[in-house]
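Residue numbers (my numbering): 880 to 1409.
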């Protein structure tokens, strides 16, 4: 697909840039590479948490315009270093926004880049390490002409992110609607007319509603800091390239839409949990695609639905590194082994014709589970519906009913210790030559087969009516399991962070962070008390 996108999506800001790496240690100098059509511009760096904290500023930076390479989406920009940010050894771990501003050009004068500071080696680790879903940010980022949803099989991290992924100046936090993809209108809005109007009015690129700091991690971090939690930070690639980043922590956190994982990432997380660490997944569509890093971590490869045909590793000595869905039997390592759940057994809630009128709530099946302590929930009660805690992309597992309760069948690789806490209806979207259940106005470029038919073919070898029927009535699942010395809790939905204002969702999240983030937490009893 030769899709280049409107020009203002790739070069609309007067000045834009990117950090040379995605994460740094405190005390490192952060190289920032920019292209500017203004003669002078300013840069500010803020640490973003519950508040925006200005930590560095520079005015009068000389602006030089640099060309966009023909395949910048694949090879990066190779722009020279424009300025450096001298981080201090005492700067706390966190997400840092780089604001670039050329005066006198209106909103087009501004753009953002980012970097993450990891924990300083001498610092006491926080109870939890938040691993930002930066692989997914880059997979959807169409800056330079393509992304992994418009024909790319390799994307570079050394290019700007399109406007709207990191910050939306026209929609600050107090604005009610700032581009949430899920249809949360009452009555239902299955065509996503509200979102399409928003994107057109604000001129935000197509995929900004599907990923990026702004949507989920920003909300979670603000909530956590206001609740008194201190987090350390890393990016996806750190789990493979710097596995020592997890050392000393009790809990790893995945938040929002954490879709693209490498083999090395899973190795690090699996070893961490086996050794007694814990994992909390407040994300959906998690660990769906396997990726490979290239160019010393500067780029990422994923062939997705074309992997069996086009990925050169398929016939090599390590065919298990095929960049297909992790649930692809040819890989032999379903994501359920790491996170308990799978998008292949979940799908969508309030997206297109994927449960378009769902109430957005979870129904409780195990009120006695420690994660629900203090909520007052009974079996059959629902929670989170006011804020649509179940929405957009959701994960589930193969289920059967036993004495009125859903129980895992384990045919999908779900761990034997998996406990189903709550469920909600879900649906994989069907796209054939005759029908399209996807929101066509948003995803007009999608071709058959859809998720439903494609996943049936991948899992079972054909998209026959019998095989499609096995996946046609799925459920989002909130679950937990133990593995080795550690424990995993998976909320099973991308949009958990949107519902943190709900008192029950708030309490469940605190229960998970308090129990799994404490030293010795593996030995806590079911009440959450040690």
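The beta-carbon is built from N, C-alpha and C at its ideal position, and this holds for glycine as well. On a predicted model such as this, the values are computed, not experimentally measured, just so you know.
I'd like to know if the stretch 1215 to 1225 and the stretch 1293 to 1309 are in contact, where contact means that at least 3 CB-CB pairs between them fall below 8 Å.
With the rule of 3 Cβ pairs closer than 8 Å, the stretch 1215 to 1225 counts as touching the stretch 1293 to 1309.
Measure the Cβ-Cβ separation of residue 966 and residue 911 and say whether it is below 8 Å.
Contact flag unset, no.
Using the beta-carbon count (16 or more within 10 Å), is residue 1056 buried or exposed?
Exposed, by the Cβ-count rule.
Check for me: the beta strand (DSSP E) holding residue 1115 runs from which residue to which?
First-last for residue 1115: 1115 to 1120, but that is the alpha helix (DSSP H), not the beta strand (DSSP E).
If you count every other CB in all the chains shown that lies within 10 Å of the CB of residue 1274, and 16 or more means buried, which is it?
Buried, because 16 or more other Cβ atoms sit within 10 Å of the Cβ of residue 1274.
State the DSSP-derived secondary structure class of residue 1373, mapped to helix, strand or coil.
In this structure, residue 1373 counts as helix in the three-state DSSP scheme.
Those residues which DSSP pairs with residue 990 across a bridge
In the DSSP assignment, residue 990 is bridged to 979.
Nearest neighbour of residue 1206, chosen from 1046, 937, 903 and 1291 [CA to CA]:
It is 1291 whose Cα lies nearest to the Cα of residue 1206.
Whole angstroms is fine: what's the gap from residue 1329's alpha carbon to residue 1077's?
Using only the alpha carbons, I get a separation of about 26 Å.
Apart from the five residues just before and just after residue 907, which ones in its own chain have a Cβ nearer than 7 Å to its Cβ?
Contacts found: 966.
Helix, strand or coil: which one does DSSP assign to residue 1197?
Coil at residue 1197, not helix or strand.
Quick test of your reading: residue 999 and residue 968, contact by CB under 8 Å. State the CB separation rounded to the nearest angstrom.
Confirmed, about 6 Å.
Using DSSP with H/G/I as helix, E/B as strand and the rest coil, what is residue 1357?
Residue state, collapsed to three classes: strand.
Roughly how many angstroms separate the alpha carbons of residue 940 and residue 1081, rounded to a whole number?
Residue 940 and residue 1081 have their alpha carbons spaced roughly 28 Å apart.
Residue 961 - containing beta strand (DSSP E), residue span:
First-last of the beta strand (DSSP E) with residue 961: 960 to 965.
DSSP on residue 968, reduced to helix/strand/coil?
If DSSP states are grouped into helix, strand and coil, residue 968 belongs with coil.
Classify residue 1179 as buried or exposed, calling it buried when 16 or more other Cβ atoms lie within 10 Å of its own Cβ.
Its Cβ being crowded by 16 or more others within 10 Å, residue 1179 is buried.
Between residue 1190 and the rest of its own chain, which residues show a CB-CB distance below 7 Å, the 5 nearest in sequence each way excluded?
Take residue 1190, set aside five residues on each side of it, and the residues of its chain with a beta-carbon closer than 7 Å to its own are 1182, 1201 and 1202, in chain order.
Could you tell me which whole alpha helix (DSSP H) segments of length 4 or greater appear in the stretch 1003 to 1082?
For the stretch 1003 to 1082, whole alpha helix (DSSP H) runs of length 4 or above, ordered along the chain, are 1013 to 1019 and 1072 to 1081.
Quick one: Cα of residue 1106 to Cα of residue 1286, how far?
For residue 1106 and residue 1286, the distance between alpha carbons rounds to 34 Å.
What does the alpha-carbon distance come out to for the pair residue 1196 and residue 954?
C-alpha separation (whole angstroms): 26 Å.
At the level of alpha carbons, what is the spacing between residue 924 and residue 978?
Rounded to whole angstroms, residue 924 to residue 978 spans 6 Å at the Cα level.
Does the stretch 1126 to 1140 come close enough to the stretch 1085 to 1098 that 3 or more CB-CB pairs lie under 8 Å?
They touch, by the three-pair rule.
Count the other CB atoms within 10 Å of the CB of residue 1165; is the residue buried (16 or more) or exposed (fewer)?
By the 10 Å Cβ count, residue 1165 comes out buried.
Among residues of its own chain, excluding the 5 on either side of residue 976, which ones have a beta-carbon nearer than 6 Å to its beta-carbon?
Closer than 6 Å at the Cβ level, and outside the excluded window around residue 976, lie 925, 927, 991 and 993.
Where residue 1296 sits in the DSSP three-state scheme:
DSSP places residue 1296 outside both helix and strand once states are collapsed to three, so it counts as coil.
Sequence ranges, beta strand (DSSP E) only - wholly within the stretch 1142 to 1195, length at least 3:
Annotation note: the stretch 1142 to 1195 contains the following uninterrupted beta strand (DSSP E) runs of length 3 or greater, listed N- to C-terminal: 1157 to 1163, 1168 to 1173 and 1178 to 1180.
DSSP-derived helix/strand/coil call for residue 1095:
Looking at residue 1095 - three-state DSSP - the assignment turns out to be coil, as it is neither helix nor strand.
For residue 1061 versus residue 1220, is the C-beta distance shorter than 8 Å?
Contact flag unset, no.
Which value, in whole angstroms, describes the spacing of the CA atoms of residue 1283 and residue 1374?
So the two alpha carbons sit approximately 27 Å from each other.
From residue 1215 to residue 1354, what distance separates their C-alpha atoms?
In this structure, the CA atom of residue 1215 is about 15 Å from the CA atom of residue 1354.
Quick check on the burial criterion: 16 or more other C-beta atoms within 10 angstroms. Buried or exposed for residue 1474?
Outside the displayed span of the chain (880 to 1409) sits residue 1474, for which this structure offers no information.
Hey, how far is the Cα of residue 1299 from the Cα of residue 931?
Their Cα atoms are separated by approximately 38 Å.
Check whether the Cβ atoms of residue 1318 and residue 1231 lie closer than 8 Å to each other.
Taking 8 Å as the cut-off, the beta carbon of residue 1318 is found closer than this to the beta carbon of residue 1231.
What is the rounded straight-line gap between the Cα of residue 892 and the Cα of residue 987?
Distance between the alpha carbons of residue 892 and residue 987: 5 Å.
Reduced DSSP category for residue 1388 - H, G, I as helix; E, B as strand; rest coil
It is helical.
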